[in-house]
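J.: A single structure is presented below for examination.
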Amino acid sequence: MLNSVKPYWQRIHLPALLTMMLVVLSGCSSAPKPVAEISAAETALTAAESEDVNKHAPVRMDRARQKIKQAKVELGKQNYATAKRLAQEAQADAELAKAIANKAEADRAVSELENSIKVLREEIMRARKRQ
Amino acid sequence: MSRIANRLTIFATLTLILVACSSVQKNQALLDAEQSYAEAKQEQQILRYAPAELERAEQALSSAADADNLDDMNSLAYVGAARIEIARAIAARKASGARLEELGEVKNKERLKAREIEIQREQQAKAEALRDKEAALMEREQALAKAEALRRELEELQAMKTERGMVMTLGDVLFSSGKTELLPGAMSTIDKLASFLAEYPEKSVLIEGHTDNVGSEAYNLDLSERRALSVKEALVQVGVDAARIDTLGLGESTPITDNATAAGRLKNRRVEIVIRD
Numbered sequence: 044m045l046n047s048v049k050p051y052w053q054r055i056h057l058p059a060l061l062t063m064m065l066v067v068l069s070g071c072s073s074a075p076k077p078v079a080e081i082s083a084a085e086t087a088l089t090a091a092e093s094e095d096v097n098k099h100a101p102v103r104m105d106r107a108r109q110k111i112k113q114a115k116v117e118l119g120k121q122n123y124a125t126a127k128r129l130a131q132e133a134q135a136d137a138e139l140a141k142a143i144a145n146k147a148e149a150d151r152a153v154s155e156l157e158n159s160i161k162v163l164r165e166e167i168m169r170a171r172k173r174q
Numbered sequence: 009m010s011r012i013a014n015r016l017t018i019f020a021t022l023t024l025i026l027v028a029c030s031s032v033q034k035n036q037a038l039l040d041a042e043q044s045y046a047e048a049k050q051e052q053q054i055l056r057y058a059p060a061e062l063e064r065a066e067q068a069l070s071s072a073a074d075a076d077n078l079d080d081m082n083s084l085a086y087v088g089a090a091r092i093e094i095a096r097a098i099a100a101r102k103a104s105g106a107r108l109e110e111l112g113e114v115k116n117k118e119r120l121k122a123r124e125i126e127i128q129r130e131q132q133a134k135a136e137a138l139r140d141k142e143a144a145l146m147e148r149e150q151a152l153a154k155a156e157a158l159r160r161e162l163e164e165l166q167a168m169k170t171e172r173g174m175v176m177t178l179g180d181v182l183f184s185s186g187k188t189e190l191l192p193g194a195m196s197t198i199d200k201l202a203s204f205l206a207e208y209p210e211k212s213v214l215i216e217g218h219t220d221n222v223g224s225e226a227y228n229l230d231l232s233e234r235r236a237l238s239v240k241e242a243l244v245q246v247g248v249d250a251a252r253i254d255t256l257g258l259g260e261s262t263p264i265t266d267n268a269t270a271a272g273r274l275k276n277r278r279v280e281i282v283i284r285d
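Protein chains in written order, with the working numbering: chain A, 44 to 174; chain B, 9 to 285.
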């Protein structure tokens, strides 16, 4: 009678523990296919491709291109963890290249405007002297 | 027995999994990235213009800290460091954008100033043109007035218009009889002529002496010459430039009336002053 009844922890806790283990294992075992990461990286690269980027951040942009290329190779080899890392890095590299180029262009616009103001002020000075 | 064994097995497995899964110690790459994040977090420009990107950097770095292997940690630290740089670049770009707006306003103000100066200059030019026009008008009026004044002054000098020009005559009564000295009565005429010549520096005069036919011709010629010179002297004394005065003695050669009567001879004894342009 006593043997026919299973201990309470076996009844209740074994499935729970198994579930826990599964969760933990899945969280730390081999990664899933990084489709979203690759896609995000490609979007970032496409957005970054421009003359300004090639002019102001060519090295960083090239690094992004190399990494997305390598990420796809690793994806093919089912090295998902590596592919994911490369894709994330490629995305960050591409976004950085774009941000650097945008900043450089903004700086250029500022200095152009400053210059034109300087020229205008000089003209005004000359005009005042003539008066 | 089996109860205890089961329990032990489960705990052992869990422990193993936990150990295998637990995060690795932070490496230098991550520590560096965290340092650079801490610095970025102090910068007002980044906090103001790129808080979202900074947040993404923090997420990457905290994932890196939780990574269960070195590859993930390195990669996430790399991504985090890149995101900090992105935040920095975005913030700088937006600050430049704000600066562009400010400068745009500055430029507009300067343009306005330049335009105002231009308008002022145009107005000045117009005013100058008007002044010039008025000046020209005034000059013309002055020239007319001067011509009119000249006419009046000549009238006052009792000058006669002749084919030789304006001619004024100083009669015999202004000289001592048979002598060359001018009498004081002639001085008002001399003064008038001098001030006339001062006012019209372009004019010069020819002073001609004439006599009647009484006495020898040589005597008359000499007398007429000396009387003309005497008038010249008087003019020079009141300030007229001698170079503007020519003299000529004509004696009895050019009477203006008959020498037969005393009245006629009186008229013929005279000095004529011809005003030349």
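By construction, the Cβ of each residue, glycine as well, lies at the ideal position given by its N, Cα and C atoms.
Just the chain A side, please: which residues come within less than 7 Å of Val-114(B) by C-beta, in chain order?
T.: What Val-114(B) touches in chain A: Ile-160.
J.: For Gly-247(B), would you say it is in contact with chain A, using Cβ-to-Cβ distances shorter than 8 Å as the test?
T.: Taking Cβ atoms only, chain A never reaches closer than 8 Å to Gly-247(B), which makes this a no.
J.: Apart from the five residues just before and just after Cys-71(A), which ones in its own chain have a Cβ nearer than 7 Å to its Cβ?
T.: Unreliable placement is indicated for Cys-71(A), whose pLDDT of 48 sits below 50; no coordinate value is reported for it.
J.: What are the boundary residues of the beta strand (DSSP E) that Gly-173(B) is part of?
T.: Note, Gly-173(B): beta strand (DSSP E), 173 to 179.
J.: Distance, Cα to Cα, Glu-161(B) vs Arg-284(B)?
T.: Straight-line Cα distance between these residues: approximately 15 Å.
J.: Threshold first: 4 residues or longer. Then list the alpha helix (DSSP H) segments lying entirely within the segment 119 to 156 of chain A, N to C.
T.: Counting only runs of 4 or more, we get nothing.
J.: What does the alpha-carbon distance come out to for the pair Leu-190(B) and Ser-238(B)?
T.: Each residue's Cα considered, the two are about 7 Å apart.
J.: By the three-class DSSP mapping on this structure, what secondary structure does Lys-169(B) have?
T.: Reduced to three states, the DSSP call for Lys-169(B) is strand.
J.: Glu-80(A) lies in the alpha helix (DSSP H); which residues open and close that run?
T.: Its alpha helix (DSSP H) spans residues 78 to 91.
J.: Whole angstroms is fine: what's the gap from Leu-55(B)'s alpha carbon to Glu-155(A)'s?
T.: The alpha-carbon atoms of Leu-55(B) and Glu-155(A) are separated by roughly 27 Å.
J.: What is the rounded straight-line gap between the Cα of Leu-118(A) and the Cα of Glu-80(A)?
T.: Approximately 11 Å between the Cα atoms of the pair.
J.: Kindly indicate which residue of Asn-145(A), Ala-114(A) and Ala-74(A) has the alpha-carbon position closest to the one of Gln-134(A).
T.: Closest option to Gln-134(A), Cα to Cα, is Ala-114(A).
J.: Determine, using beta carbons only, whether Ile-125(B) comes closer than 8 Å to chain A.
T.: True, the Cβ-Cβ gap to chain A drops below 8 Å.
J.: For a test of the three-state rule: what should DSSP assign to Gly-217(B), helix, strand or coil?
T.: Three-state DSSP puts Gly-217(B) in a strand.
J.: What residues in the segment 143 to 158 of chain A bring their beta carbon closer than 7 Å to a beta carbon of chain B?
T.: Here the close residues are Ile-143, Asn-145, Lys-146, Ala-149, Asp-150, Ala-152, Val-153, Leu-156 and Glu-157.
J.: Thinking just about the alpha-carbon of each residue, which of Leu-16(B), Glu-124(B), Glu-118(B) and Arg-123(B) is nearest to the one in Lys-161(A)?
T.: Minimum Cα distance to Lys-161(A) is reached at Glu-118(B).
J.: Whose CA, out of Glu-142(B), Glu-241(B), Thr-197(B) and Tyr-57(B), lies closest to the CA of Ala-100(B)?
T.: Checking every option, the nearest Cα to that of Ala-100(B) belongs to Tyr-57(B).
J.: Using three-state DSSP, classify Thr-17(B) as helix, strand or coil.
T.: In the structure shown, Thr-17(B) sits in a helix (DSSP, three-state: H, G or I).
J.: Helix, strand or coil: which one does DSSP assign to Val-282(B)?
T.: Strand, per DSSP.
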